[in-house]
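Per the numbering used here, the sequence shown starts with residue 4, numbered consecutively. Below is one structure, written out as structure tokens; comments come after it.
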Amino acid sequence: IGRADLDVLRSARTQQGEVVLPNGSARVLDLRSSLVRNDQGRATGTVEIIDDRTEITALGERLHAMDKVASLGTMAGGIAHELRNPLNAVAGFAELMQMRLENNPTEDPKICRWAKLIGRGAAEANAIITSLLTLSTPEGLDRSGIRSVELLKEAVHAAVTPEQAQPDVQYFTEIESFTGDYIKLRQALRNLIANAMDVAPGSPLRIKATQTDEGELALEVHDAGPGIPAEMRRRVLDPFFTTRAEGTGLGLALASTIAGLHGGHLEIQNSPSDLGGALVAIHLPLLTARS
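Now the structure itself:
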């Protein structure tokens with residue numbers, strides 16, 4: 004009262020509705036104003052009407068992302084089925100070649116190494132095809148009781164490749180156990196952890212299983228990297244979108260699909276993680292082992 008304008012309103016007008024509040028949270032505001040006139044029709048003030056549309060905007064973006072994944076998945080699924088048969092033949096013949104070369108010491112060792120590289124490339128391509136099929140025709144859930152700390156540690160183990168050093172990981176489990184599909188959730192977390200390790204090699208990670216204020220289960224991955232710019236947060240869930248030359252752009256899309264199968268969603272927090280980097284979380288309805 005008595006002020007001509009507020010900083011948050013000026014910021015919202017400049018940023019077309021998107022503002023960062025003093026507590027660090029980002030909101031999407033819909034601003035309207037109406038003049039207040041006296042009996043003579045002279046303007047004596049203004050009524051500012053502010054609608055907080057953050058949740059509605061986030062829900063719309065989530066539905067849009069799901070629709071894009073479904074459309075792309077239908078096309079990719081057909082292509083993946085056609086590619087898998089010849090790819091299996093490539094992998095099989097590469098393995099036979101490698102076995103014969105290893106049993107024949109007179110052969111050039113370079114040829115044996117090339118055969119190994121062919122097999123490794125076929126395996127990587129097959130993993131991409133498997134991800135595409137999961138996006139296009141996601142299977143039902145095989146729910147069981149899951150111990151949180153076991154899931155988190157197994158996901159880290161799956162994310163570390165033979166060429167990588169074991170990361171410094173801090174675990175925090177507020178929720179000891181819950182019900183879900185262990186294999187799929189491990190795959191989803193493995194993708195998030197692998198991304199975190201790629202953006203900040205050698206930096207510590209913090210992985211949590213907590214309960215949100217809304218009563219959901221949050222499986223959080225905190226990294227110490229540069230974070231995800233605001234303008235990219237709406238695109239990183241799109242299949243095949245990646246900023247890394249060696250990336251496939253399927254990790255976050257697949258994690259989002261798995262979260263959706265559980266009735267949850269994947270969230271990229273606006274605020275920095277505990278370690279100053281990105282915070283990506285899988286939010287799920289909290290079903291205990293007894294539920």
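All C-beta atoms in this analysis are idealised placements derived from N, C-alpha and C, irrespective of residue type, glycine included. Since the structure is predicted, the reported quantities are computational estimates derived from the model, not experimental observations.
Note to self: I need the boundaries of the beta strand (DSSP E) containing residue 173, first residue and last residue.
What the structure shows: 172-176
Notebook entry, point to check: Among all the DSSP beta bridges, which residues are the ones paired with residue 213?
Noted result: 221
Margin query: Whole angstroms are fine: how far does the CA of residue 198 sit from the CA of residue 275?
Written below: 16 Å
Checklist line | For residue 53, three-class secondary structure by DSSP | finding: strand
Notebook entry, point to check: Would you call the CB atoms of residue 264 and residue 212 closer than 8 Å?
Noted result: no
Next item on the list: Can you tell me which of the three DSSP states residue 123 falls into?
Entry: helix
Next item on the list: Report the option in 201, 258, 254 whose CA atom is closest to the CA atom of residue 230.
Entry: 201
Notebook entry, point to check: Hey, how far is the Cα of residue 121 from the Cα of residue 112?
Noted result: 14 Å
Item checked: Residue burial classification, residue 158 (beta-carbon count within 10 angstroms, cutoff 16) -> buried
Next item on the list: Give the single residue among 204, 205, 188 whose Cα lies nearest to the Cα of residue 1.
Entry: The displayed coordinates of the chain run from 4 to 294. Any statement about residue 1 would go beyond what the structure contains.
Check: In chain order, what residues of the same chain have a beta carbon less than 7 Å from the beta carbon of residue 98, not counting five sequence neighbours either side?
Finding: 122
Next item on the list: For residue 24, count neighbouring C-beta atoms within 10 Å of its own C-beta (all shown protein chains included) and say buried if the count is 16 or more, exposed if not.
Entry: exposed
Notebook entry, point to check: Going along the chain, which residues of its own chain have a beta-carbon closer than 8 Å to the beta-carbon of residue 356, five neighbours each way excluded?
Noted result: The chain is shown only over 4 to 294; residue 356 falls outside these bounds and no answer can be derived.
Check: Sorted by chain position, which residues of the same chain lie with C-beta nearer than 7 Å to residue 115's C-beta, five sequence neighbours on each side aside?
Finding: 101, 104, 105
Note to self: If you reduce the DSSP assignment to three classes, tell me which class residue 288 lands in.
What the structure shows: strand
Next item on the list: Please work out which residues of its chain come closer than 8 Å, Cβ to Cβ, to residue 49, disregarding the five sequence neighbours upstream and downstream, and give them in chain order.
Entry: 36, 37, 38, 39
Check: Just to confirm, are residue 195 and residue 163 a CB contact at a threshold of 8 Å?
Finding: no
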